[in-house]
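Some notes on the structure that comes next.
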Amino acid sequence: LAKTTQPISMDSYEGQEVNITCSHNNIATNDYITWYQQFPSQGPRFIIQGYKTKVTNEVASLFIPADRKSSTLSLPRVSLSDTAVYYCLVGLNTGFQKLVFGTGTRLLVSP
Amino acid sequence: NAGVTQTPKFQVLKTGQSMTLQCAQDMNHNSMYWYRQDPGMGLRLIYYSASEGTTDKGEVPNGYNVSRLNKREFSLRLESAAPSQTSVYFCASHIVGTQETQYFGPGTRLLVL
Chain A
4 LAKTTQPISM DSYEGQEVNI TCSHNNIATN DYITWYQQFP SQGPRFIIQG YKTKVTNEVA
64 SLFIPADRKS STLSLPRVSL SDTAVYYCLV GLNTGFQKLV FGTGTRLLVS P
Chain B
6 NAGVTQTPKF QVLKTGQSMT LQCAQDMNHN SMYWYRQDPG MGLRLIYYSA SEGTTDKGEV
66 PNGYNVSRLN KREFSLRLES AAPSQTSVYF CASHIVGTQE TQYFGPGTRL LVL
């Protein structure tokens, strides 16, 4: 399973756009990139998943360059409720999933 | 549709005691997972069950056993609890063969004294 590297923590203010970059140099051809969000005292929750280029949903956007060795999660106009830990995972999106969680990025949004 | 449920929410054990953590899902998922999360850390896979009737070890299986009782339920047992097993335990489920991601339960906070 590909190892991922992401910043340990980030700070932002309400209303700003936040970009969290994840490095995954050893990503395999069939691997997808998935981001999960975890609030304190809760289980992780799926945010977004992509394979290449750009994916957007109602919560976030995911930018993946052509070489797929990194990806960037973009959260538009964050609010206090976006304070959480964000995990970048790389692996197959079908079949059995043995997810490998790193320590994630702790995002703190201030007023 | 409750998703993934876990019981108990919180438990205190003494070293050497045993207990079973329960997990159930009502989404007709075929694969289920148990993770542990230590303070400030990511989740680590303890055991998983790719389908009803099968179980396999994950990254940190020592000190644990599991039972896939049926398609809905997947329990995690600590036979002789140790302080090193103090952690938050999460159960998750997933539909194998689809693009569905894993759905996580609310967690069980376990303290072993």
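Sequence order for the protein chains is A and B.
Everything in the first sequence is counted per the numbering used here, starting at 4 for the first residue and increasing by one.
Everything in the second sequence is counted per the numbering used here, starting at 6 for the first residue and increasing by one.
Where a beta carbon is used, it is the ideal one built from N, C-alpha and C, also for glycine.
Note that this is a predicted model, so its numbers are computed, not measured.
For B/Q107, the nearest CB of chain A lies under 9 Å from its own CB, placing it at the interface with that chain. Those residues of the stretch 47-68 of chain A placed with their C-beta closer than 9 Å to a C-beta in chain B are P47, R48, F49 and Q52, ordered along the chain. Shown here for A/S73: same chain residues with a beta carbon closer than 7 Å to its own, the five before and five after excluded, namely T24, C25, S26 and H27 in chain order. Taking 4 residues as the shortest admissible run, the stretch 62-95 of chain B contains no complete alpha helix (DSSP H) segment at all. Considering only A/V112, A/V103, A/P68 and A/L95, the residue with the shortest C-alpha distance to A/D85 is A/V112. When secondary structure is reduced to three states using DSSP, A/D14 falls in the strand class. Contact annotation: B/R49 and B/G63 have beta-carbon atoms nearer than 9 Å. The alpha-carbon of A/N33 is positioned some 16 Å away from that of B/T106. Apart from sequence neighbours up to five positions away, the residues of its chain that approach B/V117 with a beta-carbon distance below 7 Å are L18, T20, A86, A87, P88, Q90 and T91, ordered along the chain.
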